[in-house]
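S.K.: So the sequence shown is numbered by the numbering used here: it starts at 64 and just counts up by one.
Every residue, glycine too, gets a C-beta built ideally from N, C-alpha and C.
Would you mind keeping the following structure in view while I ask a few things?
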Amino acid sequence: MEVDCSVLSESDLEQHESDLEEYDISDSSLFNDKWESEELTSPDMSDEESDVEEGYGNFVTFIMPKKMVDFKWEVGTYFGQKVDILDAIKTYALENGKKLKFIKNDKRRIRIKCMGGKGECPWMAYFGYMEAINTWQLRTVMDGHTCNREHKLGLFNARWLSKKLEKTIRENPTVKGVDIRAKISRKWNIAISKNMAYRAKAYASDEVEGSFTKQYTRIYDYAHELLARNPGSTIKVKLQENDEMRIFERFYACLKACKDGFLSCRPIIGLGGAFLKGRYGGELLTAVARDANDQMMPLADAVVEVENKETI
64 MEVDCSVLSE
74 SDLEQHESDL
84 EEYDISDSSL
94 FNDKWESEEL
104 TSPDMSDEES
114 DVEEGYGNFV
124 TFIMPKKMVD
134 FKWEVGTYFG
144 QKVDILDAIK
154 TYALENGKKL
164 KFIKNDKRRI
174 RIKCMGGKGE
184 CPWMAYFGYM
194 EAINTWQLRT
204 VMDGHTCNRE
214 HKLGLFNARW
224 LSKKLEKTIR
234 ENPTVKGVDI
244 RAKISRKWNI
254 AISKNMAYRA
264 KAYASDEVEG
274 SFTKQYTRIY
284 DYAHELLARN
294 PGSTIKVKLQ
304 ENDEMRIFER
314 FYACLKACKD
324 GFLSCRPIIG
334 LGGAFLKGRY
344 GGELLTAVAR
354 DANDQMMPLA
364 DAVVEVENKE
374 TI
């Protein structure tokens, strides 16, 4: 017995994609009264289950994994938004070192092909938009690479890469572009230009700086939350007022539990301070007492711009 094992060409794939668009699974004409099902339907099946069986199938929704190394794509997977597809593809290319390229990218279709191995790698994926349920779905995938790992990828830009660097910038705001290039090379084994490294750092710094600034605008929310969770505490906030905005200056907190604990301590109070090494500087002042076990017990803390007679 002979079996015909024909290989799909790129033109066949394009024809298959056009067929998928022409006969969209969301087309209600496929499920009208003119078509008769050859399958027996269960009388106990609920309307919701019937819609799933007859309509769009019970496919999974994509959730970004922690790692996409050797990730296996499943046909039928749903994607809530287009940006989820783009982020998944770029992360997949970054972690696997694959030179992917968007062949088609519009409001209804996304087609990606691997250009590794001088363009001969068979890996490709096709996503289609399902208007009836307002979501995207992976329609076709040839999930097998024959190419080697690439060190220069052109799929992502500095703004997208900056999202991967926010943690690094948050921990070390003064990190240099050379160090960023070295870290990316060690972590993902890819090479980026100096300009991309500096631009990615600039975007990440703006994002981190913006998050810090936004948190300072909620300083009163933090103070009210402390009072709500610790009734009887003393909280003081001082801001510098001007025409455009309010600028944070000082914050003082003495919790009720610390006040009550001091009643059992020795009548000794020690003062200490430390410089804050963050982006905004300042000093952290602390008052401590001695308990019955001769151990230090915190009483109050204050964040000030500088240690002087006024702040103490």
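1. Which whole runs of the alpha helix (DSSP H) in the stretch 261-339 are 4 residues long or more, in chain order?
2. Looking at the structure shown, is L103 part of a helix, part of a strand, or coil, going by DSSP?
3. Report yes if the CB atom of A156 is closer than 8 Å to the CB atom of L149, and no otherwise.
4. So, are the CB atoms of I332 and A350 less than 8 Å apart?
5. Taking the alpha helix (DSSP H) that A191 belongs to, which residues open and close that run?
6. Per the DSSP calculation, P361 is bridged to which residue(s)?
7. Short check: CB of G143 to CB of L201, under 8 Å?
8. Closest to F311 by CA distance: which of G160, F275, N220 is it?
9. For the beta strand (DSSP E) that K176 lies in, which residues bound it at each end?
10. Can you tell which of A316, V369, K161, K277 has its C-alpha closest to the C-alpha of F338?
11. Can you tell me where the alpha helix (DSSP H) holding K130 begins and where it ends?
12. Given a cut-off of 8 Å on the beta-carbon distance, is the pair V366 and R313 in contact?
13. What's the C-alpha gap between A291 and Y192?
14. Which first and last residues belong to the alpha helix (DSSP H) in which R222 is found?
15. Taking the beta strand (DSSP E) that T154 falls in, what are its first and last residues?
16. Assuming P236 contacts T209 (C-beta within less than 8 Å), just tell me the rounded distance between them.
17. Residues in its own chain within less than 8 Å of L228 by CB, not counting five upstream and five downstream?
18. With DSSP run on the structure shown, which of helix, strand or coil describes I253?
19. Are at least three pairs of beta-carbons, each pair with one atom in the stretch 175-184 and one in the stretch 204-219, less than 8 Å apart?
20. Using a 10 Å radius around the Cβ and a threshold of 16 neighbouring Cβ atoms, would you call I173 buried or exposed?
21. Starting from the Cα of S225, find the closest Cα among F190, Y261, S256 and give me that residue.
22. Would you mind stating whether K187 and E158 have Cβ atoms separated by less than 8 Å?
23. Only counting the same chain, and skipping five residues up and downstream in sequence, which positions put a Cβ closer than 6 Å to that of R212?
24. Go ahead and pull the three-state DSSP assignment for V367.
25. By DSSP, does I196 sit in helix, in strand, or in coil?
26. Could you tell me the boundaries of the beta strand (DSSP E) in which K215 lies?
27. Alpha carbon to alpha carbon, how far is D147 from K170? Give it in angstroms, no decimals.
M.R.: In terms of the structure at hand:
1. 282-292, 319-325
2. Here the question's residue 103 lines up with position 40 in the sequence shown. Model confidence at L103 stands at a pLDDT of 37, short of 50, so the residue's coordinates are unreliable and nothing is read from them.
3. Locating residue 156 in the sequence shown gives position 93, counting from the first residue. Locating residue 149 in the sequence shown gives position 86, counting from the first residue. Result no, Cβ atoms of A156 and L149 do not sit closer than 8 Å.
4. Translated into the one-based positions of the sequence shown, residue 332 becomes position 269. Translated into the one-based positions of the sequence shown, residue 350 becomes position 287. Yes, they are a contact pair.
5. Here residue 191 is taken as the residue at index 128 of the sequence shown, counted from 1. One point to set straight first is that residue 191 is Gly, not Ala, in the sequence displayed. Unbroken run through G191 is the beta strand (DSSP E), 187-193; no alpha helix (DSSP H).
6. Locating residue 361 in the sequence shown gives position 298, counting from the first residue. Its beta-bridge partners are V351.
7. Here residue 143 refers to the residue found at position 80 of the sequence shown. Here residue 201 refers to the residue found at position 138 of the sequence shown. No, Cβ-Cβ distance for G143 and L201 is not below 8 Å.
8. Taking the sequence shown and counting its residues from 1, the one referred to as residue 311 is at position 248. Per the Cα distances, F275.
9. The residue you call residue 176 lines up with position 113 of the sequence shown. Counting along the chain, the beta strand (DSSP E) containing K176 begins and ends at 172-177.
10. Translated into the one-based positions of the sequence shown, residue 338 becomes position 275. Of the listed residues, the one whose Cα sits closest to F338 is V369.
11. Counted from its first residue, the sequence shown places residue 130 at position 67. Careful: K130 lies outside any alpha helix (DSSP H) and carries neither H nor E.
12. On the sequence shown, position 303 is the one that residue 366 refers to. On the sequence shown, position 250 is the one that residue 313 refers to. Yes, they are a contact pair.
13. If you number the sequence shown from 1, residue 291 lands on position 228. If you number the sequence shown from 1, residue 192 lands on position 129. Cα-Cα distance, rounded: 48 Å.
14. As a first step, residue 222 must be located in the sequence shown, where it is residue number 159. Start and end: 221-234.
15. As a working mapping, residue 154 is identified with position 91 in the sequence shown. T154 -> not in any beta strand (DSSP E); alpha helix (DSSP H) instead, spanning 145-159.
16. Here residue 236 is taken as the residue at index 173 of the sequence shown, counted from 1. Here residue 209 is taken as the residue at index 146 of the sequence shown, counted from 1. With 8 Å as the limit, P236 and T209 do not qualify as a contact, their Cβ atoms being about 43 Å apart.
17. Position 165 of the sequence shown, counted from the start, is the residue given in the question as residue 228. The residues are I243, A263, K264, A267.
18. Taking the first residue of the sequence shown as 1, we reach residue 253 at position 190. Coil.
19. Between the stretch 175-184 and the stretch 204-219 there are three or more C-beta pairs closer than 8 Å, enough to call the two in contact.
20. Walking along the sequence shown from the start, residue 173 turns up at place 110. Buried.
21. The count along the sequence shown starts at 1 and reaches residue 225 at position 162. Out of F190, Y261, S256, Y261 has the C-alpha closest to the C-alpha of S225.
22. If you number the sequence shown from 1, residue 187 lands on position 124. If you number the sequence shown from 1, residue 158 lands on position 95. Correcting the residue identity first, residue 187 is Met in this sequence and not Lys. It is not a contact, given that the beta carbons lie outside the stated cut-off.
23. Residue numbering aside, residue 212 sits at position 149 when the sequence shown is read from its first letter. If we look at R212 and ignore the five residues flanking it on each side, its Cβ neighbours are G160.
24. If you number the sequence shown from 1, residue 367 lands on position 304. Residue state, collapsed to three classes: strand.
25. The sequence position of residue 196 within the sequence shown is 133, counting from 1. Reduced to three states, the DSSP call for I196 is coil.
26. Indexing the sequence shown from 1 puts residue 215 at position 152. Run containing K215: none; DSSP gives neither H nor E here.
27. Stepping through the sequence shown from its first residue, residue 170 is reached at position 107. Stepping through the sequence shown from its first residue, residue 147 is reached at position 84. Straight-line Cα distance between these residues: approximately 14 Å.
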